[in-house]
Amino acid sequence: MQLARRVQQLPPYLFAEISRKTAAKRAQGVDVISFGIGDPDLPTPPHVLEALKDAADNPANHRYPETDGLPELRQAMAAYYQRRHGVELDANKQIVPLIGSKEGIGHVSLCFIDPGDVALVPDPAYPVYAVGTMFAGGEVYPLPLEEERGFLPVLEAIPAAVADRARVLWINYPNNPTGAPATLDFFERVVHFARRHDIIVLHDLAYADVAYDGYVPPSFLEVPGATDVGIEFNSLSKTYNMTGWRVGMAAGNATMIDALTRVKSNLDSGIPQAIQQMAIAALSGPQDAITAHNVIYQRRRDRVVTALRAIGLTVEPPKASLYLWARLPEGERSIDFAGRLLDDTGVVVTPGIGYGARGEGYVRLSLTTPDDRIDEGLRRLASWRAAPAGG
Ligand SMILES: Cc1ncc(COP(=O)(O)O)c(C=O)c1O
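The opening residue of the sequence shown carries number 13 in the working numbering; numbering runs sequentially from there.
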């Protein structure tokens with residue numbers, strides 16, 4: 013069978029390979045402990061589930077939803093931006109709900125990228141930015157994220173000819189996989205760069221509310237001029253432990269939101285309405301679950317950091333996100349390290365190379381593993397040597 017080039021060109025999906033290896037280990041009877049995927053183990057808050065139960069009984073919610081969602085949902089999203097970030101948005105023009113932010117992140121390149129156009133994409137990064145670019149026929153120009161630069165891209169290092177050709181710039185803070193935060197000062201420089209080179213900024217704020225030590229992640233939309241040049245992707249997945257329900261949003265520039273809504277209306281029919289009711293309850297109801305889960309993740313963060321340092325990895329406790337980005341001993345390949353760790357201890361971590369060439373030399377650990385499994389995982393790590401056998 014002849015598959016389309018865009019499918020043939022998909023990079024080998026490293027994460028599928030890890031799932032396959034993990035499943036094979038489990039089939040052999042190994043008790044596998046996974047620090048792999050960033051999917052909260054904590055449940056969706058009870059009042060949000062109640063909203064779903066009520067909404068399920070209402071026949072009005074049994075029909076096709078609108079692509080751009082219920083007006084009440086867009087208003088709840090606008091109210092969240094106002095309350096959380098002090099950003100005023102027109103709920104009818106500057107916000108579109110998404111079927112999880114991944115859906116919008118994947119589709120948005122269809123709005124701004126023509127075949128041959130360049131997208132500036134961080135390396136390492138959440139893989140969907142590059143894949144969405146490729147599906148639209150675009151070219152990825154990687155922006156290295158270096159530890160010594162706080163994992164921020166150096167915009168001045170982008171050759172002028174590339175910057176002038178580029179149509180979009182992807183950024184993501186708090187960052188997956190590095191856990192790095194960004195300052196408003198950095199966002200201001202991004203606006204300036206985008207204006208100078210006529211580039212659309214696509215900011216991914218999936219970890220808006222997963223933060224520690226009192227840190228409050230800012231929105232890109234907080235800086236002056238941001239809504240002239242870009243949009244931001246946001247998600248209820250990690251803020252409200254709602255990964256399974258699939259609700260996100262894009263917010264910002266009205267023309268860009270309109271383009272995304274038009275693309276979406278040709279491809280999907282929006283979020284099921286009963287789930288939109290959950291999202292309204294989550295955004296408008298009590299917010300105390302956010303602090304409660306951050307307390308749990310922060311405690312896990314500190315314990316896992318200590319354990320990783322004890323086996324010779326270099327890692328800083330992140331101020332935000334669900335991830336530890338741990339540097340391996342010099343010369344160790346991430347895929348070898350992760351494979352050896354799984355074979356020796358049954359513990360799964362994600363090789364950094366899965367997030368791009370600049371992820372080599374690192375592994376990512378997610379803090380979404382239940383506490384009793386973390387206890388067991390750390391016990392196994394403590395009796396394991398990080399260095400290769402004989403090394
Ligand atoms: C950086 C980043 N953006 C977006 C997403 C997608 O989240 P969702 O589709 O659940 O909103 C993820 C999920 O892990 C992520 O890590």
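Built from N, CA and C at the ideal position, the CB exists for glycine as well.
- Under DSSP, D197 takes part in no beta bridge, so it has no partner.
- Cα atoms of L82 and V202: separation of roughly 32 Å, rounded to the nearest angstrom.
- Boundaries of the beta strand (DSSP E) harbouring S247: G242 to S247, taken from the DSSP string.
- Rounded to the nearest whole angstrom, the C-alpha separation of N184 and K33 is 29 Å.
- Taking 8 Å as the cut-off, the C-beta of N188 counts as close to a heavy atom of ligand 1.
- Inside the segment 311-382, DSSP marks whole beta strand (DSSP E) runs of 3 or more residues at positions 335-339 and 374-378, from first to last along the chain.
- A distance criterion of 8 Å places the beta-carbon of E160 beyond contact range of ligand 1, judged by its closest non-hydrogen atom.
- Rounded to whole angstroms, the separation of the alpha carbons of G237 and Q299 is 29 Å.
- Distance from the CA atom of R179 to the CA atom of F124, rounded to whole angstroms, is 7 Å.
- The Cβ atoms of A175 and I211 lie closer than 9 Å to each other.
- Look at R96 here: in three-state DSSP terms it is helix.
- DSSP places N187 in the coil class of the three-state scheme, outside both helix and strand.
- Contact between the segment 251-266 and the segment 97-115 is present, with at least three C-beta pairs closer than 8 Å.
- Residue side-chain check: D221 keeps its Cβ at 8 Å or more from all non-hydrogen atoms of ligand 1.
- Judged by beta-carbon spacing, L164 lies beyond the 9 Å limit of A137, meaning their Cβ atoms are not closer than that value.
- With respect to the 9 Å criterion, A220 and P186 are classified as neighbours on the basis of their beta carbons.
- For R179, the secondary structure class from DSSP, reduced to helix, strand or coil, is strand.
- The beta-carbon distance between V213 and G191, rounded to whole angstroms, is 21 Å. This is too long to meet the 8 Å contact definition.
- In the structure shown, E151 adopts extended strand secondary structure according to DSSP, grouped into three states.
- In this structure, A103 has its beta carbon at no less than 8 Å from each heavy atom of ligand 1.
- About 7 Å separates the beta carbons of Y224 and A332, which is inside the 8 Å limit, making them a contact pair.
- Remark: the C-beta of D53 is outside contact range of ligand 1, defined as less than 8 Å to any heavy atom.
- Fewer than three Cβ pairs drawn from the segment 39-48 and the segment 269-281 lie within less than 8 Å of each other, which leaves the two stretches out of contact.
- Relative to the non-hydrogen atoms of ligand 1, the Cβ of I117 comes within a distance shorter than 8 Å of at least one.
- Taking 9 Å as the cut-off, the beta carbon of D314 is found closer than this to the beta carbon of P329.
- The alpha carbon of R370 has as its nearest neighbour, out of I30, P139 and Y227, the alpha carbon of P139.
- Setting aside the 5 residues that flank it on each side, L157 is surrounded in the same chain by P134, D135, P136, A137, F163, L164, P165, N187, T190, A192 and R370, each with a C-beta closer than 8 Å to its C-beta; the list follows chain order.
- The segment 46-58 makes contact with the segment 371-387, as at least three CB pairs between them are under 8 Å.
- Measuring C-alpha to C-alpha distances from E62 to each of I287, A301 and T362 identifies I287 as the nearest.
- With a cut-off of 8 Å, the C-beta of Y92 is classified as distant from ligand 1, since no heavy atom of the ligand falls inside that distance.
- In the structure shown, M261 falls within a strand segment according to DSSP collapsed to helix, strand and coil.
- Assigned with DSSP and collapsed to three states, D51 falls in coil, not helix or strand.
- Per DSSP, I212 lies in no alpha helix (DSSP H) segment; the continuous beta strand (DSSP E) that holds it begins and ends at I212 to D216.
- The beta carbon of R258 sits closer than 8 Å to at least one heavy atom of ligand 1.
- Relative to the non-hydrogen atoms of ligand 1, the Cβ of S277 never comes closer than 8 Å to any of them.
- Where V133 is concerned, the enclosing beta strand (DSSP E) starts and stops at V130 to D135.
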